[in-house]
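For the sequence shown, the working numbering gives the first residue as 3, with consecutive numbering after it.
Glycine is no exception: its CB is placed at the ideal position from the N, C-alpha and C atoms.
This report refers to the structure that appears directly beneath it.
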Amino acid sequence: MKKLNGKLKYNIAVFISGKGSNLKSIIRHSVKKKTFYKVKVVISNNQKAKGLIIAKKNKIKNYNIDFTKSKKLGKKVLDILKKNDVKIICLAGFMKILPAYFIKLYDGKIINIHPSLLPNYKGLKTHKRVIANNEKFTGCTVHYVNRFLDSGKIICQKKVRIVKTDNEKSVAKKVLRIEHKIYPQAIDKVLSIL
């Protein structure tokens, strides 16, 4: 734990695979006085992830590691997390399933954001399925990670209205906009009860 802005802050790790737009909002929120966290480490399974550039620009330790292939690489990730006193792991567009042993080690300390109102539309291509089913609402969910895909206890959700002119792309933009708002708030909520 580190003191920032006169307040004790927990170190968090953010796991990414892509452009890092949620990472950017998490970092932006972390500098506020009332927040409970500091982004200490960013880990990606994709060496071309634009989110790694965001981490570098913000002087955050960052690593490109595909630790799902072997326990040896998993140990490397665990060493990084321990060395940096990471309290929780936030999955932000991380497109790999974490191994069961890893989830067990960090039980109750891994959270994820998913672009649907869980338990509906688990997995991939959520917006396409939402549009195909003529849903009136969609949204996003922050939840704890367990060994089942998108099935952990829900921390918070936010919904948005779908209008007749919406398509997969416009729905994705609406949902991403609210993801950027609720994910940092959910992180604070989780850390406030540790």
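**Asked** Who are residue 161's beta bridge partners in DSSP?
**Response** Position 159 of the sequence shown, counted from the first residue, corresponds to residue 161. According to DSSP, which records beta bridges pairwise, residue 161 is partnered with 141.
**Request:** Check each candidate in 77, 57, 147, 109 and name the one with the smallest Cα separation from residue 24.
**Result:** If you number the sequence shown from 1, residue 24 lands on position 22. Cα-wise, what sits closest to residue 24 is 57.
**Request:** Can you give me the Cβ contacts of residue 156 inside the same chain, cut-off strictly under 7 angstroms, excluding the 5 residues immediately before and after it?
**Result:** One-based indexing of the sequence shown puts residue 156 at position 154. For residue 156, where only same-chain residues beyond five positions count, the Cβ hits under 7 angstroms are 120, 143, 145.
**Message:** Please report the distance separating the alpha-carbon of residue 179 from that of residue 81.
**Reply:** Residue numbering aside, residue 179 sits at position 177 when the sequence shown is read from its first letter. Residue numbering aside, residue 81 sits at position 79 when the sequence shown is read from its first letter. If you take the alpha carbons of residue 179 and residue 81, they lie about 34 angstroms apart.
**Message:** In the DSSP output, what is residue 93 paired with across the bridge?
**Reply:** One-based indexing of the sequence shown puts residue 93 at position 91. 17, 114.
**Prompt:** Quick one: does the C-beta of residue 19 sit closer than 8 angstroms to a heavy atom of the ligand MG?
**Reply:** This structure lacks the ligand MG, and indeed carries no ligand of any kind.
**Prompt:** Which stretch, first to last residue, makes up the alpha helix (DSSP H) that contains residue 28?
**Reply:** The residue given as residue 28 occupies position 26 in the sequence shown. 23-32 is the span of the alpha helix (DSSP H), which, as asked, contains residue 28.
**Prompt:** Considering only residues of the same chain and omitting the five flanking positions on each side of residue 8, which have a CB-CB separation below 8 angstroms?
**Reply:** As a first step, residue 8 must be located in the sequence shown, where it is residue number 6. Note on residue 8: pLDDT 48, under 50, position unreliable in the model; the coordinate value appears next. Once the five neighbours on either side are set aside, the close Cβ partners of residue 8 are 35.
**Message:** Please classify residue 27 as buried or exposed, where buried requires at least 16 neighbouring CB atoms within 10 angstroms.
**Reply:** As a first step, residue 27 is located in the sequence shown; it is residue number 25 there, counting from the start. So residue 27 counts as buried.
**Message:** Between which two residues does the beta strand (DSSP E) holding residue 99 run?
**Reply:** The count along the sequence shown starts at 1 and reaches residue 99 at position 97. Run containing residue 99: none; DSSP gives neither H nor E here.
**Prompt:** On the three-state DSSP scale, how would you describe residue 153?
**Reply:** Stepping through the sequence shown from its first residue, residue 153 is reached at position 151. Coil at residue 153, not helix or strand.
**Request:** Answer yes or no: do residue 31 and residue 189 have a C-beta to C-beta separation smaller than 9 angstroms?
**Result:** Along the sequence shown, read from residue 1 onward, the residue named residue 31 stands at position 29. Along the sequence shown, read from residue 1 onward, the residue named residue 189 stands at position 187. Yes. Within cutoff.
**Asked** Can you give the Cα-Cα distance for residue 147 and residue 165, rounded to whole angstroms?
**Response** In the sequence shown, the residue the question calls residue 147 occupies position 145. In the sequence shown, the residue the question calls residue 165 occupies position 163. Answer to the nearest angstrom: the Cα atoms are 31 angstroms apart.
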